[in-house]
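Residue numbers (this note's numbering): 1 to 245. Working notes for the structure below.
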Amino acid sequence: MIRYLPLLLIGSLFLGCNSKHATENYASETLQIQQVADHVYQHISFLDTESFGKVACNGMIVFNQHEAIIFDTPNDDATSLELINWVENQLDCTIKAIIPTHFHTDCLGGLAEFHSRGIPSYANNATITLAKARSNPLPQNGFDQKLALEAGGKKVIAEFFGEGHTHDNVIGYFPDEEVLFGGCLIKALAASEGNLEDANIKAWPVTVASLKEKYPSTKTVIPGHGESGGTALLDYTIRLFEQKK
């Protein structure tokens, strides 16, 4: 038996590799994709702004059993196509939905490319109303407080907790791995207040506190901009805007 042990070990390693997803992270001049949990990637694209210069903008990809759900599009159609191609070709997934977390272009600027590929979009009804008022791309399907979809049999949630960065901002949550995509409602550690043009500063810390109470076991938090981390990002966001009240 001992002489066969190396072969058994090699076989178990081989089977282990094939039973787990092994796609590498991705980086180009316009798009970065990095794994933050077994079935979750963070996508990062870039937006040129007058006030803040070139800004890195985050989104989330949840995948399982050859199906994926994406939160937030890149700012433009070309980078959205790059993201779609990576998910379809490298993850070998059909994209079941794209969910913009609020009406600004760093969340839905590339919707046309998703729609052209037959990928349905879902958003807070308030997001659809605000996007229409700004002549921004329009999501196809609306919801009010909460939307639950599935990727390969795993639940993926979009949920509205209250106003903050905007009046319509929702979050994404993947319960199986306790990963939260806070979008622009959540700030990276040491981040500034950012764009407050459409913000409700008074409501912002209350909204994040409600979010933290609802999902206290969250392990990974992806903010709208900057580095991901743990629930310290929620605490930082609460403190940042409590000081402004």
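Think of the CB as a built atom: it goes at the ideal place given N, C-alpha and C, for glycine as much as any other residue. Keep in mind it's a predicted model, so treat the numbers as computed, not measured.
With 16 as the cutoff for other CB atoms within 10 Å, does residue i come out buried or exposed?
i, result
"N18", "Low confidence applies here, because N18 scores a pLDDT of 33, under 50, leaving its location unreliable; read the following figure in that light. Counting Cβ neighbours within 10 Å, N18 comes out exposed, since fewer than 16 surround it."
"H304", "Lying before the first or after the last residue shown, residue 304 is absent from the chain, which here runs from 1 to 245."
"H104", "buried"
"G164", "buried"
"A131", "buried"
"A148", "exposed"
"G230", "exposed"
"T237", "buried"
"A199", "buried"
"T207", "buried"
"I10", "Low local confidence applies: a pLDDT of 38 at I10 is under 50, so the model's placement there is unreliable, and no value is given."
Check this for me: beta carbons of residue i and residue j, under 8 Å apart or not?
i, j, result
"V40", "L47", "no"
"I69", "I84", "no"
"T30", "E82", "yes"
"L233", "A190", "no"
"I222", "N58", "yes"
"T220", "V36", "yes"
"P100", "C93", "no"
"I186", "K244", "no"
"P74", "S51", "no"
"E177", "P205", "no"
With residue i as the anchor, note down where its beta strand (DSSP E) starts and where it stops.
i, result
"E67", "67-71"
"A191", "It is not in any beta strand (DSSP E) - A191 carries neither H nor E in the DSSP assignment."
"A37", "31-37"
"N141", "141-143"
"P223", "220-223"
"A158", "154-160"
"A148", "146-151"
"A112", "Taken as a continuous stretch (DSSP letters only), A112 belongs to no beta strand (DSSP E), being part of the alpha helix (DSSP H) at 111-116."
"L180", "179-183"
"H165", "Where H165 is concerned, there is no enclosing beta strand (DSSP E), given that its DSSP letter is neither H nor E."
"T94", "94-99"
"D48", "40-49"
"N58", "53-64"
Out of the options, which has the shortest C-alpha to C-alpha gap to residue i?
i, options, result
"P120", "P139, C107, R134, A131", "P139"
"H179", "I238, W86, Y215", "Note on residue identity: the sequence assigns Val, not His, to residue 179. Minimum Cα distance to V179 is reached at Y215."
"R117", "A78, T105, L130, G153", "A78"
"L240", "S192, T231, Y26, T127", "S192"
"K155", "T23, A97, E242", "A97"
"H225", "D72, F114, A133", "D72"
"G110", "C93, N124, N136, T129", "N136"
"G183", "S217, S228, D176", "S228"
"Y122", "I33, R134, D144", "D144"
"Y26", "P205, L91, T207", "L91"
"F114", "T129, S80, E150", "S80"
"N264", "E197, K146, E24", "Examination of residue 264 is not possible in this model, given that the chain is present from 1 through 245 alone."
Just to check my reading of the structure: residue i and residue j have Cβ atoms closer than 8 Å, yes? What is that Cβ distance to the nearest angstrom?
i, j, result
"G172", "I157", "7 Å"
"F174", "V87", "F174 to V87, Cβ: 15 Å. No contact."
"T127", "D168", "4 Å"
"N195", "F160", "About 20 Å; that fails the 8 Å criterion."
"G152", "H66", "7 Å"
Is residue i a contact residue of the ligand FAD, with contact defined as CB to any heavy atom under 7 Å?
i, result
"P74", "This structure does not include the ligand FAD; it has no bound ligands of any sort."
Residue range of the alpha helix (DSSP H) that residue i falls in?
i, result
"I128", "125-133"
"N89", "77-89"
"Y236", "232-242"
"A209", "204-214"
"C107", "105-108"
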